[in-house]
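4 protein chains.
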Amino acid sequence: MEKVGFIGLGRMGRPMAANLCRKGFGVTGYDVTPEAVAAFEALQGRGASSVAEAVAGAGIVVTMLPNSAIVREVVAGPGGVFAHAARGALVMDMSTVDPTTTDELAAAAAARGLSFVDAPVGRLASHADAGQSLFMVGAADADFARVKPLLEAMGSTIHHCGPPGAGMRTKLVNNFLAVASCQMNAEALALAARLGLDLQTTLSVLYGTTAKNGQLEINWPSKSLAGDVSPGFTIDLAHKDLSLIVEAANAARLPMPIAAAAREAFSSARARGFGGQDFSAMLDAHCALVGLTPPRLPR
Amino acid sequence: MEKVGFIGLGRMGRPMAANLCRKGFGVTGYDVTPEAVAAFEALQGRGASSVAEAVAGAGIVVTMLPNSAIVREVVAGPGGVFAHAARGALVMDMSTVDPTTTDELAAAAAARGLSFVDAPVGRLASHADAGQSLFMVGAADADFARVKPLLEAMGSTIHHCGPPGAGMRTKLVNNFLAVASCQMNAEALALAARLGLDLQTTLSVLYGTTAKNGQLEINWPSKSLAGDVSPGFTIDLAHKDLSLIVEAANAARLPMPIAAAAREAFSSARARGFGGQDFSAMLDAHCALVGLTPPRLPR
Amino acid sequence: MEKVGFIGLGRMGRPMAANLCRKGFGVTGYDVTPEAVAAFEALQGRGASSVAEAVAGAGIVVTMLPNSAIVREVVAGPGGVFAHAARGALVMDMSTVDPTTTDELAAAAAARGLSFVDAPVGRLASHADAGQSLFMVGAADADFARVKPLLEAMGSTIHHCGPPGAGMRTKLVNNFLAVASCQMNAEALALAARLGLDLQTTLSVLYGTTAKNGQLEINWPSKSLAGDVSPGFTIDLAHKDLSLIVEAANAARLPMPIAAAAREAFSSARARGFGGQDFSAMLDAHCALVGLTPPRLPR
Amino acid sequence: MEKVGFIGLGRMGRPMAANLCRKGFGVTGYDVTPEAVAAFEALQGRGASSVAEAVAGAGIVVTMLPNSAIVREVVAGPGGVFAHAARGALVMDMSTVDPTTTDELAAAAAARGLSFVDAPVGRLASHADAGQSLFMVGAADADFARVKPLLEAMGSTIHHCGPPGAGMRTKLVNNFLAVASCQMNAEALALAARLGLDLQTTLSVLYGTTAKNGQLEINWPSKSLAGDVSPGFTIDLAHKDLSLIVEAANAARLPMPIAAAAREAFSSARARGFGGQDFSAMLDAHCALVGLTPPRLPR
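Residue numbers (this note's numbering), protein chains in the order written: chain A, 3 to 301; chain B, 3 to 301; chain C, 3 to 301; chain D, 3 to 301.
Structure, rendered in structure tokens:
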């Protein structure tokens with residue numbers, strides 16, 4: 003088993019690294035916050051006090067960080083992962099960043115004789131806890147084989163989407179559909195309420211036709227439709243993803259009018275104080291816009 | 003069994019009326035086109051040469067007509083259904099019209115001592131052929147009981163959505179989601195293609211998350227994704243439904259930015275010659291906009 | 003001078019009819035509201051108690067009514083203007099309606115040997131008071147010559163836009179730009195406020211570049227920017243015009259994404275209680291959406 | 003007169019630097035392209051072979067560069083302007099960048115005891131040639147006084163918009179209105195054409211009401227409406243500005259649905275090959291979308 007360095011031990015990174023330990027990998031973890039390192043040590047991990055220390059001697063280095071700028075600095079910056087990685091090491095970034103950043107990192111890795119894999123994570127933090135994450139992987143075939151045991155230790159569904167960069171691009175497409183569906187559903191159910199329709203009857207119709215979608219069937223019934231707007235995935239994060247998507251589409255000269263309209267709707271929700279709620283609460287945000295009580299399922 | 007008058011024997015009305023005959027109802031059918039009446043007679047129906055003749059003596063009159071203006075004229079106009087219907091008769095409109103028209107008809111029926119039910123049809127013409135239609139019914143409870151045997155003869159899924167008008171309103175909500183999903187999917191898969199992703203791999207990811215939707219899973223794989231753009235349901239009809247939806251929402255003072263953006267995308271597709279194709283061909287229309295070959299599944 | 007029948011003596015029709023009297027035309031006016039007829043009589047007009055009476059013996063009949071349905075009924079319905087107009091009479095509709103209605107009326111007039119002119123009104127009610135209205139006229143050349151003296155008595159700017167129907171179509175294009183500019187300006191000035199810019203300095207820059215527009219330069223400084231949101235032209239009426247525009251464009255298979263987005267913004271403003279305010283108050287509506295104090299010019 | 007260093011001698015920078023020379027300023031210019039430096043020398047400037055050489059001994063350093071990333075590197079990067087500027091020097095960035103970059107540069111300058119001014123340029127390259135540019139200036143009062151003589155040498159209209167950063171923010175607001183107007187006008191005139199209206203008659207109506215705007219009155223008649231789509235300001239650059247605007251608004255939690263829709267329309271135009279044309283050619287791009295011949299003024 004390869005020795006693993008793990009950078010970023012937050013709400014997602016920590017349970018993922020802990021699952022690696024549990025399955026027998028030797029993992030040295032680092033986080034900019036000492037408390038996060040201590041928490042990882044409490045879960046049987048070996049803590050490091052610097053990126054250099056976490057990377058030293060690791061065959062595979064995993065990064066799980068909040069945004070593009072931080073990933074770029076921690077992975078490719080001076081004193082970062084690339085600077086300390088042993089020749090032949092593989093760096094796997096599991097953060098959600100813009101695809102341009104991923105491409106730059108892949109190129110920089112290649113220039114130093116390092117392997118690079120992008121493997122952003124689908125599903126929620128609770129899935130990461132349970133080792134039930136979904137991964138969208140961009141990797142050369144040999145590199146995919148190399149990281150597969152780690153991914154199997156951290157998640158239950160693994161998609162090899164193509165060469166480096168393909169994982170991140172697949173995640174953008176996936177999250178566009180999941181996130182835009184929330185605004186589409188919000189408009190549909192607000193319309194139903196405005197037209198005086200009963201929620202449960204309406205849903206039973208929708209679930210039997212091609213009008214249905216994953217958010218409406220799987221996420222919403224236990225979240226906003228049940229009155230629970232505590233976040234699995236926040237409106238703020240959904241807005242961040244929509245921003246990455248719209249920017250990527252504009253860079254690729256592809257108009258996406260639905261994506262652009264959805265992004266403005268999420269921006270409006272954030273401006274009105276809904277940013278920290280679950281993204282199914284776009285229903286509440288849309289209803290609030292026009293003074294409508296959001297429809298709820300009976301208990 | 004009640005005697006049935008059936009007005010409108012086109013691509014949807016004819017098989018529905020024929021299914022009533024097959025299940026033992028006595029049906030007198032009329033259509034403005036003599037050939038449609040003759041075709042109905044060939045299916046064991048009794049043809050009529052006027053609305054008056056079809057309505058005479060019928061306990062239940064069914065109408066299945068192309069648009070709001072025609073429904074209003076045929077049902078409530080001089081020499082129309084209401085004018086000839088026997089006291090106590092029930093009129094069931096199964097056309098797709100705007101809810102204001104439905105409300106006006108319901109009120110006019112009540113003023114004449116007639117019962118009124120709206121029961122627009124979900125699913126496609128091929129389902130009507132097979133007696134597998136889905137109906138969204140707006141009716142008083144007693145009236146619903148009265149039409150239920152007919153609906154069971156013509157379809158397999160029957161939803162009692164509420165009082166008169168609720169059927170049509172539910173259909174608008176349902177079709178908004180189904181139709182807007184097509185443009186959303188078109189943007190998503192065009193983005194995937196633009197980003198160089200493999201279609202089949204991408205779909206296998208999407209189908210395993212809340213990014214999925216009924217169009218992408220059920221309709222598209224055998225239609226546009228298989229290169230078959232022959233219509234089940236045309237882009238022209240989908241645009242007509244989006245227009246009804248946007249108008250209804252504006253009348254109800256509910257902004258629906260996704261619906262409005264989707265409608266303009268369908269308008270663009272129609273202007274570029276895609277109006278007669280299946281609504282899953284929004285993928286082709288969106289790709290054509292930017293000179294992209296629409297992605298297809300391997301055979 | 004031709005004898006004039008004038009139907010519709012509301013906030014716009016009454017001063018227009020009164021200006022005709024003042025310039026020496028013999029005008030018989032009718033309105034469905036007796037008070038409006040009485041008010042017209044107080045301004046030297048001759049009141050009528052029915053459409054028939056107003057039309058009897060008139061060479062030119064002017065209609066100024068609230069919407070398409072009413073125009074259709076009053077002009078072409080049973081007992082309406084066409085039914086009572088003398089052979090050779092000219093009917094001039096000055097209402098704002100959808101162009102399809104205008105075309106239907108023009109065709110119906112021609113079928114009865116009557117002349118038809120559409121001449122919707124630009125500018126505000128205060129301009130009508132002062133005889134300073136702008137007219138967009140659709141008329142055959144001979145008919146334009148015939149109505150020109152009346153138009154000169156009621157307004158100061160007269161555009162012969164083309165054959166019947168061209169006046170209404172020009173008004174739609176004109177109002178699209180005026181109305182959509184209001185939402186565009188609202189977004190611009192809300193952004194300026196959000197970015198901490200001073201309103202007056204910003205305006206002085208905008209007025210010196212091609213960023214300027216008629217609303218921002220002419221209407222806004224004395225209305226919303228001065229804190230006066232009392233209506234010249236209400237958000238409700240602007241929304242009605244946007245609806246006519248979007249419907250006309252969709253019927254003509256022309257996508258208009260800006261128009262569609264603007265319409266939803268006006269719909270949102272109406273839903274939040276701004277419908278009765280001046281359309282420059284879209285600034286206030288947009289700022290309210292995000293909890294921003296609308297910027298005002300210093301007194 | 004202060005000694006001036008000028009970095010960036012492209013299509014805008016060169017005539018601006020040359021105008022400084024012409025008015026008697028001692029200017030040392032540098033550009034990454036040696037040909038640009040040579041061309042500047044031909045216009046009486048003193049050429050430099052490095053940023054360091056251009057900055058050495060200058061009291062004021064002007065930068066005029068293509069985008070945020072390059073500005074950040076050239077101004078604040080290792081070996082950049084800040085690194086070589088003399089204590090007390092003033093750096094004036096005249097590029098168009100995102101306001102975050104401007105704020106970062108202003109803060110970095112302050113930390114080094116340098117003054118910072120942002121002064122992006124309005125109007126076109128031809129205005130820069132003639133010394134007729136418009137400048138939107140963000141500066142402390144004392145710094146504004148210091149740069150004013152330079153600005154007066156390069157342009158004819160100078161707005162002091164507020165503290166550092168206010169110039170760039172004002173430019174975003176200004177360009178949003180100018181650029182979005184182009185798509186709005188394109189929709190309006192395409193609708194007019196679709197409805198069969200005469201262009202010249204329609205414009206004469208619009209120019210007399212609040213429907214008018216600076217683009218339609220000033221830029222379009224000599225550009226796309228005259229059949230000249232050669233760029234003053236390209237669709238590509240307008241799209242870049244819209245992107246900065248939409249990003250700034252999303253960062254500021256301000257929804258701007260018109261801006262978002264306009265951006266997608268520009269993206270569509272670029273995807274269809276119009277990126278290099280003048281931004282008034284959005285008319286041609288919109289007409290091409292639906293197979294309409296773009297309307298032109300008669301010669």
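By construction, the Cβ of each residue, glycine as well, lies at the ideal position given by its N, Cα and C atoms.
TODO: Report the three-state DSSP secondary structure of valine 139 (chain A) (helix, strand or coil).
DONE: Position 137 of the first sequence, counted from the start, is the residue given in the question as residue 139 (chain A). DSSP places valine 139 (chain A) within a strand segment (E or B) once states are collapsed to three.
Item to complete: Would you give the residue range spanned by the beta strand (DSSP E) that leucine 92 (chain B) belongs to?
Response: Counting from 1 along the second sequence, the entry for residue 92 (chain B) is found at position 90. The continuous beta strand (DSSP E) containing leucine 92 (chain B) extends over residues 92-95.
Original post:
If you draw a straight line from the alpha carbon of methionine 186 (chain B) to that of threonine 295 (chain B), how long is it in whole angstroms?
Top reply: Indexing the second sequence from 1 puts residue 186 (chain B) at position 184. Indexing the second sequence from 1 puts residue 295 (chain B) at position 293. Between the alpha carbons of methionine 186 (chain B) and threonine 295 (chain B) lies a distance of about 18 Å.
Subject >> Cβ of alanine 273 (chain C) within 7 Å of any chain A Cβ >> reply: For the purposes of this step, residue 273 (chain C) is taken as residue 271 along the third sequence, with counting starting at 1. So, interface residue.
- Residues bridged to aspartate 200 (chain D) (per DSSP): Start at 1 with the first residue of the fourth sequence, and residue 200 (chain D) comes out as number 198. Aspartate 200 (chain D) is not bridged to any residue.
Next item on the list: State yes or no: is the beta carbon of valine 248 (chain A) nearer than 7 Å to at least one beta carbon in chain C?
Entry: Taking the first sequence and counting its residues from 1, the one referred to as residue 248 (chain A) is at position 246. Judged by the 7 Å Cβ criterion, valine 248 (chain A) is not in contact with chain C.
Is it the case that the Cβ atoms of aspartate 120 (chain A) and asparagine 177 (chain A) are separated by a distance below 7 Å?
Here residue 120 (chain A) is taken as the residue at index 118 of the first sequence, counted from 1. Here residue 177 (chain A) is taken as the residue at index 175 of the first sequence, counted from 1. Contact: no.
Option in A:Arg16, A:Leu208, A:Gly28 with minimal Cα separation from glutamate 37 (chain A): Taking the first sequence and counting its residues from 1, one reaches residue 37 (chain A) at position 35. With distances taken between Cα atoms, glutamate 37 (chain A) lies closest to A:Arg16.
Q: Helix, strand or coil for valine 248 (chain B), going by three-state DSSP, please let me know.
A: Mapped onto the second sequence, residue 248 (chain B) falls at position 246. Valine 248 (chain B): helix per DSSP, three-state reduction.
Tell me which same chain residues have a C-beta within less than 7 Å of the C-beta of arginine 272 (chain B), skipping the five on either side of it? For the purposes of this step, residue 272 (chain B) is taken as residue 270 along the second sequence, with counting starting at 1. Ile237, Asp238, His241, listed in sequence order.
Rounded separation between proline 259 (chain C) and arginine 196 (chain D) - CA only | Within the third sequence, the letter at position 257 stands for residue 259 (chain C). Within the fourth sequence, the letter at position 194 stands for residue 196 (chain D). The straight-line gap from Cα to Cα measures roughly 16 Å.
Q) Got a sec? Which residues, its chain only, sit under 6 Å from glycine 45 (chain B) by beta carbon, not counting five neighbours each side? A) Counting from one through the second sequence, the residue named residue 45 (chain B) turns up at place 43. For clarity, residue 45 (chain B) is leucine in the given sequence; the question names glycine instead. Only residues of its own chain outside the window of five on either side were considered, and among them Ala20 have a CB closer than 6 Å to the CB of leucine 45 (chain B), listed in chain order.
- Query: Of the residues that make up the region 134-155 of chain D, which ones have a beta carbon closer than 8 Å to any beta carbon in chain B?
  - Reply: Identification of residues in the region 134-155 of chain D having a C-beta nearer than 8 Å to some C-beta of chain B yields an empty set.
* Same chain, Cβ closer than 6 Å to serine 158 (chain A), neighbours up to 5 away in sequence not counted -> Counted from its first residue, the first sequence places residue 158 (chain A) at position 156. Closer than 6 Å at Cβ, skipping near neighbours: Gln134.
- Message: Tell me which residues share the same chain as alanine 130 (chain B) and place their Cβ nearer than 6 Å to its Cβ, disregarding the 5 neighbours each side in the sequence.
- Response: Indexing the second sequence from 1 puts residue 130 (chain B) at position 128. So the qualifying residues of the chain are Met14, Pro17, Met18.
Grab the span of the alpha helix (DSSP H) containing valine 6 (chain B) for me, first residue to last. Locating residue 6 (chain B) in the second sequence gives position 4, counting from the first residue. For valine 6 (chain B), there is no enclosing alpha helix (DSSP H); the enclosing beta strand (DSSP E) covers residues 6-9.
Practice prompt. Reducing DSSP to helix, strand and coil, say where phenylalanine 118 (chain D) ends up.
Written response: Indexing the fourth sequence from 1 puts residue 118 (chain D) at position 116. If DSSP states are grouped into helix, strand and coil, phenylalanine 118 (chain D) belongs with the strands.
- Task: Count the C-beta pairs between the region 214-228 of chain C and the region 223-233 of chain A that are closer than 8 Å, then say yes if the count reaches three, no if not.
- Result: Flag = no, the region 214-228 of chain C and the region 223-233 of chain A do not touch.
Checklist entry - What is the DSSP secondary structure of arginine 74 (chain D), reduced to helix, strand or coil? => result As a working mapping, residue 74 (chain D) is identified with position 72 in the fourth sequence. Note: arginine 74 (chain D) maps to helix in three-state DSSP.
- Query: At a Cβ cut of 9 Å, what residues of the region 273-295 of chain D count as close to chain B, listed as they run along the chain?
  - Reply: Contact residues of the region 273-295 of chain D toward chain B are Ala273, Arg274, Gly275, Leu291, Val292, Gly293, Leu294 (C-beta to C-beta distance below 9 Å).
(Q) On the criterion of 16 or more Cβ atoms from any shown chain inside 10 Å, does tyrosine 32 (chain D) qualify as buried, or is it exposed? (A) Residue 32 (chain D) sits at position 30 when you count from the first residue of the fourth sequence. Around the beta-carbon of tyrosine 32 (chain D), 16 or more other beta-carbon atoms lie within 10 Å, marking it buried.
* When the cut-off is 7 Å and only beta carbons count, does arginine 89 (chain D) lie next to chain C? -> For the purposes of this step, residue 89 (chain D) is taken as residue 87 along the fourth sequence, with counting starting at 1. So, not an interface residue.
Exercise for review: Would you please state the rounded distance, in angstroms, between the beta carbons of threonine 102 (chain D) and threonine 204 (chain C)? I believe it to be under 8 Å.
Suggested key: To locate residue 102 (chain D), count along the fourth sequence from 1; it is residue 100. To locate residue 204 (chain C), count along the third sequence from 1; it is residue 202. That belief does not hold up - the Cβ atoms of threonine 102 (chain D) and threonine 204 (chain C) are roughly 20 Å apart, past 8 Å.
(message) Looking at leucine 136 (chain B): is its Cβ nearer than 7 Å to the Cβ of glycine 234 (chain B)?
(response) In the second sequence, counting from the first residue as 1, residue 136 (chain B) sits at position 134. In the second sequence, counting from the first residue as 1, residue 234 (chain B) sits at position 232. Judged by their CB atoms, leucine 136 (chain B) and glycine 234 (chain B) are not nearer to each other than the 7 Å cut-off.
Given that serine 270 (chain C) touches chain A, what residues does it touch there, using C-beta distances under 8 Å?
For the purposes of this step, residue 270 (chain C) is identified with residue 268 of the third sequence, where counting begins at 1. Within chain A, the residues Leu291, Val292 have their CB atoms less than 8 Å from the CB of serine 270 (chain C), given in chain order.
Listing by chain order, which chain C residues have their CB less than 7 Å from the CB of serine 245 (chain B)? As a working mapping, residue 245 (chain B) is identified with position 243 in the second sequence. Going along chain C in sequence order, the residues near serine 245 (chain B) (Cβ under 7 Å) are Asn252.
field: methionine 258 (chain C): contacting residues in chain B (beta-carbon distance under 9 Å)
entry: Locating residue 258 (chain C) in the third sequence gives position 256, where the first residue counts as 1. Correct list: Glu266, Ser269.
Are the C-beta of lysine 214 (chain B) and some C-beta of chain A separated by less than 7 Å? For the purposes of this step, residue 214 (chain B) is taken as the residue at position 212 of the second sequence. Yes - at least one Cβ of chain A is within 7 Å of the one on lysine 214 (chain B).
Worksheet item: Going straight from the alpha carbon of alanine 41 (chain B) to that of leucine 22 (chain B), what length do you get?
Response: One-based indexing of the second sequence puts residue 41 (chain B) at position 39. One-based indexing of the second sequence puts residue 22 (chain B) at position 20. Their backbone Cα atoms lie some 15 Å apart in a straight line.
Exercise for review: Report the residue from D:Met3, D:Val63, D:Gly12 whose alpha carbon sits nearest the alpha carbon of threonine 30 (chain D).
Suggested key: Translated into positions along the fourth sequence, residue 30 (chain D) becomes position 28. Taking only the C-alpha atoms, the option nearest threonine 30 (chain D) is D:Val63.
| said: I want to see whether chain F comes within less than 7 Å of alanine 110 (chain D), judged by CB atoms only; does it? | reply: Here chain F cannot be found, since the structure's protein chains are A, B, C and D.
Which of the three DSSP states is assigned to aspartate 238 (chain B) in this structure? Within the second sequence, residue 238 (chain B) is the residue found at index 236, counting from 1. DSSP places aspartate 238 (chain B) in helix when its eight states are reduced to three.
Next item on the list: Report buried or exposed for methionine 3 (chain A), applying the criterion of at least 16 other Cβ atoms within 10 angstroms of its Cβ.
Entry: Walking along the first sequence from the start, residue 3 (chain A) turns up at place 1. Its Cβ having fewer than 16 others within 10 Å, methionine 3 (chain A) is exposed.
Straight-line CA distance for leucine 92 (chain C) to histidine 86 (chain C)?
-> Position 90 of the third sequence, counted from the start, is the residue given in the question as residue 92 (chain C). Position 84 of the third sequence, counted from the start, is the residue given in the question as residue 86 (chain C). Cα to Cα, the separation comes out at about 12 Å.
Within a Cβ cutoff of 6 Å, which residues of the same chain sit near alanine 188 (chain D), ignoring the five residues on either side of it in sequence? Position 186 of the fourth sequence holds residue 188 (chain D). Hits under 6 Å: Met284, Leu285, His288.
Check whether the Cβ of arginine 48 (chain A) lies closer than 7 Å to any Cβ atom in chain D.
Along the first sequence, one-based indexing puts residue 48 (chain A) at 46. Output row for arginine 48 (chain A): interface = no.
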